[in-house]
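Residue numbers (our numbering), protein chains in the order written: chain A, 299 to 602; chain B, 560 to 1002.
A virtual CB, placed ideally from N, CA and C, is assigned to each residue, including glycine.
What you are looking at is a predicted structure, and each value in this text was computed from that prediction instead of being measured.
Contents: one structure, followed by commentary.
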């Protein structure tokens, strides 16, 4: 009797076991490997075992390294600007296109095309469009009699931000559109009957109801923007100076050019910590908002 | 009588066969072996692939080529060479890998192959190989640890090596009665005159983008202007008078160069010369093929070649690739035979005729090669001044190089003061060298 009870109690864990084992192998092992590596002085020609343990040295060196700090700052600037602009344009587009127009499905497909292109190709396309003499932007500017712009020189960060916005706004757009289309029609109809204008509907009904989806979308984009590599690598290689050298690029250069795997691992851990911090912050914000909404609901119910 | 002569014939034939067996060709033992080689995607190695069937026909040794973009190639080699048994029998490597591979004991010392009478071809004529290339790419353990010298030995043979050369537009120079520059002053002067004489055209197109591009361009000027990155005790001297002069030369070139020159990598710099947007190009010899290719170039037949201008001394760059045998290779002897064949006088001429970069003085002077590529004689002359020490080949160079390149990019784009910039580089370099243990003996 007792054996069968304990077996019954174990059953769920037995079913979970394969998933847990795969998780442990596929996720935790590499992560652990990276953590372990970040405490070592490790050259790519060496096996991990031959490397020497250096404690927190890699972390401390990085903390005092002005280039690393500059890279972090560039990453923050890049991620915050692209995600803010993308959220505005993406959600705006979704609000505008959430209606039954002819050829709507074709339009939607066209809108999401940029994010289907391989990042290296996106980088190359934009690099040629930004070319000082042959690129379409400068030729266009010259065509209308304006001064040409040094896109990848003096305005490199702005140029990579524009390219990223072009590529990733569609991602926000499709998720926002899906959220919009799943909103309860009853709430919208009720508000219309009460005489709400289009803007009032957007601000007081659509956006608050979409908020949980938008927060997750924003988070996903933010995480992605912190790790973007190929487009910038192809467009500017981090230059001029360090003006577009985002962390992912610095990590990759540290591992391949400087051949310091330990430092690269430590840098990845800093990035991971930063992302974890942002994620937790956003989740807490989301929780507070939900809590407030629940409280408001309770108050309305009590008033009735 | 008839019978006797028949018998004699038979005996002669049998003896010939026996003797033939005893004096077997050097390749017989390895017939049927398949070598796996790792080469970069590079014009020289495209030419090599064209001549490999000739090697197989002559020796019976098959060759399988794994050709990769060169950064990818280095990554793959890092993984392969670290294993107990590697996949590659022969690898091409860039100069910088020499320091890493030799230090990690991953490349075969070639002495035991050149000592082996069964493998070493007496007519190889190693003295004909270009000195600067051999010291730069093949040697380790000598002077400064990475050059030739009494304690050094050979780990690889240059193959697909390059030096720097000045390409100029003959038509533009003739039109304005300009002399081909012999010195740095003349070159910088003409570079800035061109935009005035030919509005819309840049003087000299150079690499300048942040990172290794800017650093490469700077070092290209540093050696002929009399500078070095380190003194003999590994103290950084990149910020001395010559260093400042070299950085200023780069800045002048970029300022008088084509539009957007400060963000040019190698591809853009070459592209702008091929498109006819600049009057001069000072970079690697490897571009010659593309300049004469009408599908890529608008300046076919308009380009003349001259030696890298002289500062206080002549000193053109050395770079490109060498070939070596990994320690963990499966068919080392056969790989050596391939290596020897490729870099022999015959192989070198074949690859030159197929559009590759020869590694021998004699090939540069060869009549057939010159008939097909008239610039070869000038290139050969340039090689006499190829400077194997124009940049240090030490394991920590990658980091110093990146810092130098990003700092110079700030000089070019953000108007950072040259002296201040180089002082910063020297200070940070000192710290890197200190940590790597280069001052252990001077403390």
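Buried or exposed for residue i, please, with buried defined as at least 16 other CB atoms from any protein chain shown within 10 angstroms of its CB.
i: residue 573 (chain B); result: Only weak support exists for where residue 573 (chain B) lies, its pLDDT of 46 falling under 50; the value from the coordinates is given anyway. Exposed.
i: residue 763 (chain B); result: buried
i: residue 652 (chain B); result: buried
i: residue 508 (chain A); result: buried
i: residue 321 (chain A); result: exposed
i: residue 782 (chain B); result: buried
i: residue 466 (chain A); result: buried
i: residue 580 (chain B); result: Below a pLDDT of 50, predicted positions are generally treated as unreliable, and residue 580 (chain B), at 45, falls in that range; the measurement from the model is reported next regardless. It is exposed - the Cβ of residue 580 (chain B) has fewer than 16 other Cβ atoms within 10 Å.
i: residue 632 (chain B); result: buried
i: residue 582 (chain B); result: A caution first: residue 582 (chain B) carries a pLDDT of 48, below 50, which makes its placement in the model too unreliable to give a value.
i: residue 593 (chain A); result: exposed
i: residue 544 (chain A); result: buried
i: residue 331 (chain A); result: exposed
i: residue 846 (chain B); result: buried
i: residue 857 (chain B); result: exposed
i: residue 577 (chain B); result: Only weak support exists for where residue 577 (chain B) lies, its pLDDT of 43 falling under 50; the coordinates are left without a value.
i: residue 436 (chain A); result: buried
i: residue 602 (chain A); result: exposed
i: residue 575 (chain A); result: exposed
i: residue 356 (chain A); result: buried
i: residue 670 (chain B); result: exposed
Suppose the cutoff is 7 angstroms on Cβ atoms and the five residues either side in sequence are ignored; what does the same chain contact list for residue i look like?
i: residue 959 (chain B); result: 988, 991
i: residue 547 (chain A); result: 527, 530, 531, 536
i: residue 947 (chain B); result: 691, 694, 695, 706, 877
i: residue 925 (chain B); result: 908
i: residue 887 (chain B); result: 640, 642, 643, 644, 645
i: residue 915 (chain B); result: 603, 606, 607, 719
i: residue 622 (chain B); result: 594, 596, 611, 614, 615, 897
i: residue 377 (chain A); result: 520, 523, 524
i: residue 333 (chain A); result: 567
i: residue 918 (chain B); result: 688, 689, 692, 717, 718, 720, 902, 907
i: residue 658 (chain B); result: 705, 952, 953, 954
i: residue 368 (chain A); result: 540
Apart from the five residues just before and just after residue i, which ones in its own chain have a Cβ nearer than 8 angstroms to its Cβ?
i: residue 402 (chain A); result: 395
i: residue 406 (chain A); result: 395, 472, 475
i: residue 661 (chain B); result: 699, 700, 714
i: residue 655 (chain B); result: 952, 956, 957
i: residue 938 (chain B); result: 722, 724, 844, 847, 864, 923
Who are the Cβ neighbours of residue i in its own chain at under 6 angstroms, not counting the five residues just before and after it?
i: residue 562 (chain A); result: 549, 552, 553
i: residue 742 (chain B); result: 868, 869
i: residue 389 (chain A); result: 474
Legend entry - the segment 357-366 of chain A contacting the segment 583-602 of chain A, beta-carbon criterion three pairs below 8 angstroms: Short answer: they don't touch.
Legend entry - At least three beta-carbon pairs within less than 8 angstroms, the segment 846-853 of chain B to the segment 730-737 of chain B: In short, these stretches do not touch, since the Cβ pair count stays below three.
Legend entry - Under 7 angstroms (Cβ pairs) to chain A, residues found in the segment 765-793 of chain B: Taking a C-beta cut-off of 7 angstroms against chain A, the contacting residues of the segment 765-793 of chain B are 768, 769, 770, listed in chain order.
Legend entry - Continuous beta strand (DSSP E) assignments of at least 3 residues falling wholly in the segment 749-818 of chain B: The qualifying runs are 761-764.
Inset, instruction - Mind the definition here: the segment 745-754 of chain B touches the segment 628-645 of chain B only if three or more C-beta pairs lie below 8 angstroms; say whether that holds. - result: The segment 745-754 of chain B vs the segment 628-645 of chain B: no contact.
Inset, instruction - Count the CB pairs spanning the segment 867-884 of chain B and the segment 929-944 of chain B that are closer than 8 angstroms, and state whether there are at least three. - result: Yes, the segment 867-884 of chain B touches the segment 929-944 of chain B.
Inset, instruction - Quick one: which residues of the segment 641-671 of chain B get their C-beta closer than 8 angstroms to a C-beta of chain A? List them in chain order. - result: From the segment 641-671 of chain B, only 641, 659, 660, 662, 663, 665 have a Cβ closer than 8 angstroms to chain A.
Inset, instruction - Taking a Cβ distance cut-off of 8 angstroms, strictly less, list which residues of the segment 550-568 of chain A are near chain B, in chain order. - result: Residues 551, 554, 555, 556, 557, 558.
Inset, instruction - Assess, as a yes-or-no matter, whether the segment 894-914 of chain B is touched by the segment 711-719 of chain B under the definition of 3 or more beta carbon pairs within less than 8 angstroms. - result: Judged by Cβ distances under 8 angstroms, the segment 711-719 of chain B makes contact with the segment 894-914 of chain B, as three or more pairs qualify.
Legend entry - Near-chain A residues of the segment 804-821 of chain B (beta-carbon distance less than 9 angstroms), N- to C-terminal order: Of all residues in the segment 804-821 of chain B, 817, 818, 819, 820, 821 have a Cβ within less than 9 angstroms of some Cβ in chain A.
Inset, instruction - Could you run through the segment 535-550 of chain A and flag, in chain order, every residue whose CB is less than 9 angstroms away from some CB of chain B? - result: Cβ contacts with chain B come from 535, 536, 537, 538, 539, 540, 541, 542, 543.
Inset, instruction - Within the segment 469-496 of chain A, note down every full alpha helix (DSSP H) run reaching 4 residues or more, in order along the chain. - result: DSSP runs (the alpha helix (DSSP H)) wholly in the segment 469-496 of chain A: 483-491.
Legend entry - the segment 797-814 of chain B in contact with the segment 759-778 of chain B per 3-pair CB rule at 8 angstroms: They touch, by the three-pair rule.
Legend entry - Residue ranges of each beta strand (DSSP E) within the segment 870-903 of chain B, 3 or longer: Within the segment 870-903 of chain B, the complete beta strand (DSSP E) runs of at least 3 residues are 877-883.
Inset, instruction - Could you tell me whether the segment 464-483 of chain A touches the segment 411-420 of chain A, using the rule of 3 or more Cβ pairs below 8 angstroms? - result: Under the three-pair Cβ rule at 8 angstroms, the segment 464-483 of chain A counts as touching the segment 411-420 of chain A.
Inset, instruction - Using a Cβ-Cβ cut-off of less than 7 angstroms, give me the residues of the segment 323-354 of chain A that come near chain D, in sequence order. - result: Of the protein chains in the structure, A and B, none is chain D.
Legend entry - At least three beta-carbon pairs within less than 8 angstroms, the segment 965-974 of chain B to the segment 766-773 of chain B: These segments touch.
Inset, instruction - Return the chain-ordered ranges of every alpha helix (DSSP H) run that is complete within the segment 893-957 of chain B and spans a minimum of 4 residues. - result: DSSP runs (the alpha helix (DSSP H)) wholly in the segment 893-957 of chain B: 904-912, 920-924, 926-931, 935-942.
Inset, instruction - Entirely within the segment 662-707 of chain B and at least 4 residues each: give me those alpha helix (DSSP H) ranges in chain order. - result: Entirely contained in the segment 662-707 of chain B, the alpha helix (DSSP H) runs reaching 4 residues are, in chain order, 670-673.
Legend entry - Any alpha helix (DSSP H) of 4 or more consecutive residues that is wholly inside the segment 630-662 of chain B: The segment 630-662 of chain B contains, as complete alpha helix (DSSP H) runs of 4+ residues, the segments 654-662 (chain order).
Legend entry - Contact list for the segment 706-736 of chain B against chain A, Cβ threshold 8 angstroms: Within the segment 706-736 of chain B, not one residue has a Cβ closer than 8 angstroms to any Cβ of chain A.
Inset, instruction - Decide if the segment 438-456 of chain A is in contact with the segment 819-826 of chain B; the criterion is three or more beta carbon pairs, one per stretch, under 8 angstroms apart. - result: Because the criterion of three Cβ pairs below 8 angstroms is met, the segment 438-456 of chain A and the segment 819-826 of chain B touch.
Inset, instruction - Give the residues from the segment 437-450 of chain A that approach chain B closer than 9 angstroms (Cβ to any Cβ), ordered along the chain. - result: The segment 437-450 of chain A vs chain B, Cβ under 9 angstroms: 446, 448, 449, 450.
Inset, instruction - Quick one: which unbroken alpha helix (DSSP H) runs of 4-plus residues sit fully inside the segment 514-566 of chain A? Chain order, please. - result: Within the segment 514-566 of chain A, complete alpha helix (DSSP H) segments of at least 4 residues are found at 528-533, 545-554, given in chain order.
Inset, instruction - Can you give me, in chain order, the residues of the segment 449-478 of chain A that have a beta carbon less than 9 angstroms from any beta carbon in chain B? - result: From the segment 449-478 of chain A, only 449, 450, 451, 452, 454 have a Cβ closer than 9 angstroms to chain B.
Inset, instruction - Could you name the residues of the segment 306-318 of chain A whose beta carbon sits closer than 9 angstroms to any beta carbon of chain B, in the order they occur along the chain? - result: Going along the segment 306-318 of chain A in chain order, one finds no residue with a Cβ nearer than 9 angstroms to chain B.
Inset, instruction - Could you name the residues of the segment 355-384 of chain A whose beta carbon sits closer than 7 angstroms to any beta carbon of chain B, in the order they occur along the chain? - result: The segment 355-384 of chain A vs chain B, Cβ under 7 angstroms: nothing.
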